[in-house]
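> Those letters in the sequence shown? Residues 3 to 373, per the working numbering, in order. No residue lacks a Cβ here, since even glycine has one placed at the ideal position from N, Cα and C. On a predicted model such as this, the values are computed, not experimentally measured, just so you know. I'd like to ask some things about the structure below.
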Amino acid sequence: MRVLVAPQEYKGTLTAVEAADAIAAAVRGAFPDAEVDVAPMADGGPGTAAALLAASGGVMRRDEAHDPLMRLIEAEWALLPGGTAVIECASASGLLRLRPEELDPRRASSYGTGELIAAAMDAGCRELILGIGGSATNDGGAGMAQALGYRLLDSEGEELPPGGAALARLARIDATAARPGLRALRVVAATDVSNPLCGPEGASAVYGPQKGADAAAVAELDAALRHFAAIVRRDLGADVLDVPGAGAAGGLGAGAIAFLRAALRSGAEVVGEAAGLPGRVLAADVVLTGEGRLDGQTPFGKAPAYVARLARTAGRPVACLPGSVGPGHEAALPLFDVVEVGTEGFGVSGSPRDLLAAAAIRALRRLGAGR
């Protein structure tokens, strides 16, 4: 029996690498004759760099950057063989950088993400995979652009302060001092969502509340991003308002298109292709995947859905091992032959690794393994 283990992170408990290792160890223990192939997954959010390192090799680098509230920190990015950089916006500009009481997308900036891009360029990178998930920001990538030398000016010619709210005062974008080499930089922005920049399905309305925005702030930020899109179209010639995925990471998808000429792609596909996942699915007899919470968002760009579709195409049985289920999870159930929730059948005892390992064995037995 050949088992492919391809989970993404279990947010707040296990990284994708840790989850994959836990599942693999459990399978080897319960089925000593099994061949286990481990492929940690990600979808453009936290864990993307680690998953690509696991797939391709390379090294993790650390550089100084600013967090969403412009405090100096150290943040990681990955350097892959061949000189491709992998930068997660969450590394410097993510929700995990802030305490709950600090969340404020009106002020939060993506400046640190731009600093990491600059560091990668200084290291000689000319190709970049930018993971755009898990941000604390709603500034359309304006902070990122400022860190790369773009000037975002108000009607008096003054530089805009950090944050999404300031975009309402944007009068002109000056690209004359943009960092040399940006035009030669080839960028793929990896995302797990297809939201447009503005409107009821846009960055502010859908993701603003989890970043600390109340109803008034959502309306303010949405209007500011709409104004930002108009100035981007006039000054940079990029029409970002209705592009699917432009609303990812508080509009960083739009900023990546406008300032980096990025191509937006499914993060799960980017990681899967780097890992050679389609071929590895074909070589497997059984596929195991999972994530922290199976819910209504799972079918739309999440790694388990991508893995499941590859398995379906290849005619391989696939099980999902979520840590929990959330609203709308029923829509995701048809993707999988088996769903085994990690916490079902247990009390309060048991580490996340142990619970996930037990769920993996239950799933394999339900799929007929060992018979």
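CA-CA distance, ARG174 and GLN148?
Position 172 of the sequence shown, counted from the first residue, corresponds to residue 174. Position 146 of the sequence shown, counted from the first residue, corresponds to residue 148. Each residue's alpha carbon lies about 13 Å from the other.
> When you compare the CB positions of PRO198 and ALA248, do they come within less than 8 Å of one another, or not?
For the purposes of this step, residue 198 is identified with residue 196 of the sequence shown, where counting begins at 1. For the purposes of this step, residue 248 is identified with residue 246 of the sequence shown, where counting begins at 1. Result yes, Cβ atoms of PRO198 and ALA248 sit closer than 8 Å.
> Spell out a yes or no on whether the segment 92 to 103 and the segment 52 to 59 are touching, meaning 3 or more CB-CB pairs, one atom from each, closer than 8 Å.
The segment 92 to 103 is not in contact with the segment 52 to 59.
> Given a threshold of 16 other Cβ atoms within 10 Å of its Cβ, counted over all protein chains shown, does SER157 qualify as buried or as exposed?
Counting from 1 along the sequence shown, the entry for residue 157 is found at position 155. Counting Cβ neighbours within 10 Å, SER157 comes out exposed, since fewer than 16 surround it.
> Given the structure, does TYR209 come close to the ligand MN, in the sense that its CB is under 7 Å from one of the ligand's heavy atoms?
What this structure holds is no ligand at all, so the ligand MN is not there to describe.
> If THR193 sits next to LEU266, beta carbons under 8 Å apart, how far is it from one beta carbon to the other, in whole angstroms?
Taking the sequence shown and counting its residues from 1, the one referred to as residue 193 is at position 191. Taking the sequence shown and counting its residues from 1, the one referred to as residue 266 is at position 264. Confirmed, Cβ separation roughly 6 Å.
> Hey, ALA360 and VAL340: beta-carbon distance below 8 Å or not?
Walking along the sequence shown from the start, residue 360 turns up at place 358. Walking along the sequence shown from the start, residue 340 turns up at place 338. In this structure, VAL340 does not lie closer than 8 Å to ALA360 by Cβ.
> If you compare alpha carbons, which of GLY136, ALA316 and VAL289 is closest to LEU369?
As a position in the sequence shown, residue 369 is number 367, starting the count at 1. LEU369 has its Cα closest to that of VAL289, out of GLY136, ALA316 and VAL289.
> Going along the chain, which residues of its own chain have a beta-carbon closer than 6 Å to the beta-carbon of LEU16, five neighbours each way excluded?
Against the sequence shown, residue 16 aligns to sequence position 14. Excluding positions up to five away in sequence, the list reads PRO354.
> Go through its chain and collect everything with a Cβ distance to ALA18's Cβ below 7 Å, but skip five positions before and after it.
Locating residue 18 in the sequence shown gives position 16, counting from the first residue. Within the same chain, ALA18 has close Cβ partners PRO9, GLN10, GLU11, PRO42, MET43, ALA44, GLY49, ALA52 and ALA53.
> Give me the Cα-Cα distance between PRO246 and VAL343, rounded to the nearest whole angstrom.
Within the sequence shown, residue 246 is the residue found at index 244, counting from 1. Within the sequence shown, residue 343 is the residue found at index 341, counting from 1. Rounded to whole angstroms, PRO246 to VAL343 spans 31 Å at the Cα level.
> Applying the 10 Å Cβ sphere with the 16-neighbour rule, what's the burial state of PRO34?
As a first step, residue 34 is located in the sequence shown; it is residue number 32 there, counting from the start. With fewer than 16 Cβ atoms within 10 Å of its Cβ, PRO34 is classed as exposed.
> Specify the secondary structure class of TYR2 as computed by DSSP and reduced to three states.
Residue 2 cannot be examined here, being either before or after the span of the chain that is shown, 3 to 373.
> Looking only at its own chain, which residues have a Cβ that is under 7 Å from the Cβ of ARG30, when we skip the five neighbours before and after it?
For the purposes of this step, residue 30 is taken as the residue at position 28 of the sequence shown. Excluding sequence positions up to five before and after ARG30, its CB lies within less than 7 Å of the CB of ALA36 and VAL38, all in the same chain and listed in chain order.
> Return the Cβ separation of GLU275 and PRO324 in integer angstroms, given the expectation that the two are a contact with Cβ distance under 8 Å.
Along the sequence shown, one-based indexing puts residue 275 at 273. Along the sequence shown, one-based indexing puts residue 324 at 322. With 8 Å as the limit, GLU275 and PRO324 do not qualify as a contact, their Cβ atoms being about 24 Å apart.
> From VAL283 to ALA217, what does the alpha carbon distance come to, in whole angstroms?
Within the sequence shown, the letter at position 281 stands for residue 283. Within the sequence shown, the letter at position 215 stands for residue 217. Near 44 Å, if we compare the C-alpha coordinates of ALA217 and VAL283.
> Taking the Cβ atom as the reference point for each residue, do LEU82 and GLY142 lie within a distance shorter than 8 Å?
As a position in the sequence shown, residue 82 is number 80, starting the count at 1. As a position in the sequence shown, residue 142 is number 140, starting the count at 1. No.
> Going by CA-CA distance only, name the one from VAL234, VAL273 and ALA277 that's closest to ILE259.
On the sequence shown, residue 259 is found 257 positions in, with the first residue counted as 1. Cα-wise, what sits closest to ILE259 is VAL234.
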